[in-house]
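*Asks:* One structure coming up, written as structure tokens, with questions to follow.
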RNA sequence: GGAGAGAUGGCUGAGAGGCCGAAAGCGAUCGCCUGCUAAGCGAUUGUACGCCCUAAAAGGUGUACCGGGGGUUCGAAUCCCCCUCUCUCCGCCA
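Residue numbers (our numbering): 14 to 438.
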């Protein structure tokens with residue numbers, strides 16, 4: 014959510030930035046509602062001032078056994094008018110709020126203006142494509158041949174876009190979760206949290222999933238709960254409606270969670286394999302920082318995510334999303350795209366974003382400077398570190414062997430107890 | 001699921017229709033005092049929104065806020081209704 018005063022005073026600039034995003038917003042409606050709200054507020058507050066003064070007078074007259082009936086009658090009228098205006102005010106504020114909640118964040122000045130993923134600048138490339146003396150296969154073939162991924166039974170149990178992991182497949186997923194958590198906890202010094210996997214409407218609104226993206230979420234029937242689409246929701250909302258101390262910042266959390274996404278509107282896209290699932294595992298990093306250091310923290314966060322791929326020794330590149338591609342709540346986002354030889358392409362495996370105060374304002378997450386002063390909104394950041402299912406994909410495809418086996422990356426062997434997954438007889 | 005108790009500022013905790021943005025204490029900030037530290041003394045000490053002033057702050061002023069929403073009343077932290085959450089007991093349960 015943008016600052017209402019900022020929006021009022023910089024309407025033209027915001028309009029321009031939204032056009033860069035490819036977003037039209039209802040600025041005129043916002044401005045007229047905003048003006049209307051202030052008109053009503055002035056009238057109703059003047060009336061309240063009168064009511065407060067006269068009510069006091071009534072109390073004093075009654076105490077002195079005086080007659081207050083004329084005043085009481087008049088205040089009855091004033092109160093009726095206040096009630097009328099209050100209703101109008103509430104309606105106006107609700108309408109205003111509705112508009113405010115669906116305006117995206119303003120992209121940071123370093124974000125390039127673009128129209129599609131073609132325009133995302135590549136900022137780094139790490140490693141190189143592995144060479145195969147056989148045609149590399151896609152992970153779904155590798156996984157099925159090894160009998161570690163069962164797409165048919167996953168679909169039987171739940172439906173399309175669900176997968177059953179089996180044997181070393183299940184263990185690989187679990188090893189990756191632990192490897193990533195251990196790295197971020199012990200070497201990058203994040204605090205581990207394990208959160209609820211469902212969240213309420215307030216939390217979903219706080220991080221920006223609601224109200225605009227309700228269709229992307231799974232909602233639990235007959236309740237106010239939604240399955241989280243990312244741990245970003247539950248972790249960021251840890252501090253919703255809190256005032257933090259400057260000396261405690263930055264707060265850095267890491268959380269494992271399953272993620273649930275309806276994938277509405279992506280019918281027919283990535284239907285094979287693990288790439289696009291209704292449920293997938295992710296290790297997520299979340300930071301709460303002071304405004305002046307949030308972009309430094311974004312670089313560190315991105316480096317922390319990249320470290321996972323480097324330790325796994327898998328080729329990837331880092332891109333900076335252009336204005337048309339960054340998410341609704343984000344001011345700047347780096348995507349990590351991992352190389353998938355079986356599909357001869359790069360695929361997103363992590364997304365690291367600085368939301369500046371956009372989420373903090375929605376969720377009312379503030380901090381107080383050491384030594385006092387006014388409270389300010391923190392900056393929030395998050396990044397996948399990494400999407401676990403897609404990491405399994407990357408390992409299967411990058412570490413596949415001619416005989417159909419898959420070598421386990423060095424760093425995972427302590428977790429896996431084996432150095433290779435071989436086909437079952 | 002049943003029965004009961006509660007929710008007040010950064011924290012603890014009073015207040016039970018008007019004198020309440022709210023006692024007291026703690027904490028914090030500033031100042032004084034003290035050859036260190038501790039103690040002591042004095043002052044200040046919420047948030048949001050509007051308006052005035054301002055380049056912007058500061059400042060002034062008004063309104064709202066005592067878990068959330070409705071109601072009663074000239075007037076509600078206080079009375080009534082609904083909801084949420086917390087705690088205790090019973091039942092059920094991993």
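Note that the Cβ used here is the ideal one computed from N, Cα and C, for glycine as well.
Small disclaimer: the values here were computed from a predicted structure and weren't measured.
How about residue 14 and residue 374: are their beta carbons less than 8 Å apart?
*Replies:* yes
*Asks:* Along the chain, where does the beta strand (DSSP E) that runs through residue 292 open and close?
*Replies:* 292-302
*Asks:* Please go through the stretch 326-378 and give each complete alpha helix (DSSP H) segment of 4 or more residues, from N-terminal end onward.
*Replies:* Assignment of alpha helix (DSSP H) within the stretch 326-378, counting only whole runs of 4 or more residues, yields 371-376 in chain order.
*Asks:* Note down the Cα distance separating residue 296 from residue 426, rounded to an integer number of angstroms.
*Replies:* Taking the straight line joining both Cα atoms gives about 19 Å.
*Asks:* Give the range of the alpha helix (DSSP H) segment to which residue 263 is assigned.
*Replies:* Counting along the chain, residue 263 falls outside any alpha helix (DSSP H), and DSSP gives it neither H nor E.
*Asks:* Less than 6 Å between C-beta atoms, sequence neighbours within five positions excluded: which residues of the same chain meet that for residue 163?
*Replies:* 177 and 179
*Asks:* Output the residue ranges of the alpha helix (DSSP H) runs that lie fully inside the stretch 401-433 and measure 4 residues or longer, sorted by chain position.
*Replies:* 401-411 and 426-429
*Asks:* Rounding to the nearest angstrom, what Cα-Cα distance links residue 215 and residue 78 in this structure?
*Replies:* 51 Å
*Asks:* For residue 135, which beta-bridge partners are listed by DSSP?
*Replies:* 332.
*Asks:* I think residue 13 touches residue 418, with their Cβ atoms under 8 Å apart; what is that distance to the nearest whole Å?
*Replies:* Residue 13 falls outside the range modelled here, since the chain spans only 14 to 438, and no answer is possible.
*Asks:* Among 116, 364 and 356, which one has its Cα closest to the Cα of residue 148?
*Replies:* 356
*Asks:* Which one of 363, 343 and 302 has the shortest CA to CA distance from residue 316?
*Replies:* 363
*Asks:* My parser needs the beta strand (DSSP E) runs of 3 or more residues fully inside the stretch 112-183; what are they?
*Replies:* 135-139
*Asks:* When the Cα atoms are used, what is the spatial distance from residue 411 to residue 422?
*Replies:* 10 Å
*Asks:* Taking only the alpha-carbon atoms, compute the straight-line gap between residue 361 and residue 59 and give it to the nearest angstrom.
*Replies:* Spanning the two alpha carbons is a distance of roughly 56 Å.
*Asks:* For the stretch 347-355 against the stretch 131-143, are there 3 or more C-beta pairs whose distance is under 8 Å?
*Replies:* yes
*Asks:* Can you check whether the CB of residue 208 is closer than 8 Å to the CB of residue 245?
*Replies:* no
*Asks:* Less than 7 Å between C-beta atoms, sequence neighbours within five positions excluded: which residues of the same chain meet that for residue 91?
*Replies:* 60, 63 and 64
*Asks:* Does the distance from the C-beta atom of residue 303 to that of residue 259 stay below 8 Å?
*Replies:* yes
*Asks:* To the nearest angstrom, how far is the alpha carbon of residue 39 from that of residue 19?
*Replies:* 16 Å
*Asks:* Comparing alpha-carbon positions, which option in 174, 326 and 71 lies nearest residue 272?
*Replies:* 174
*Asks:* Which same chain residues, not among the five before or five after residue 224, have their C-beta less than 8 Å away from its C-beta?
*Replies:* 111, 114, 115 and 218
*Asks:* Tell me, to the nearest whole angstrom, how far the beta carbon of residue 332 is from that of residue 133; I am working on the premise that it is less than 8 Å.
*Replies:* With 8 Å as the limit, residue 332 and residue 133 qualify as a contact, their Cβ atoms being about 4 Å apart.
*Asks:* Would DSSP call residue 381 helix, strand or coil?
*Replies:* strand
*Asks:* Which residue from 165, 250 and 185 puts its Cα closest to that of residue 211?
*Replies:* 250
*Asks:* When you compare the CB positions of residue 102 and residue 50, do they come within less than 8 Å of one another, or not?
*Replies:* The answer is yes: Cβ separation under 8 Å.
*Asks:* For residue 395, write down the residues that DSSP places opposite it in a beta bridge.
*Replies:* 299 and 366
*Asks:* Do the CB positions of residue 152 and residue 345 come within less than 8 Å of each other?
*Replies:* no
*Asks:* Between the stretch 310-325 and the stretch 278-285, do three or more beta carbon pairs fall short of 8 Å?
*Replies:* no
*Asks:* State the DSSP-derived secondary structure class of residue 239, mapped to helix, strand or coil.
*Replies:* strand
*Asks:* Strictly by DSSP, which residues pair up with residue 257?
*Replies:* 380
*Asks:* Quick one: measure Cβ to Cβ for residue 182 and residue 338, integer angstroms, because I've assumed they're closer than 8 Å.
*Replies:* Contact flag wrong, Cβ pair sits at about 32 Å.
*Asks:* Going by DSSP, which residues form a beta bridge with residue 269?
*Replies:* 296
*Asks:* What are the boundary residues of the beta strand (DSSP E) that residue 389 is part of?
*Replies:* Segment 388-390, the beta strand (DSSP E) holding residue 389.
*Asks:* Contact defined as beta carbons within less than 8 Å: I believe residue 293 pairs with residue 402. What is the distance between those atoms, to the nearest angstrom?
*Replies:* 4 Å
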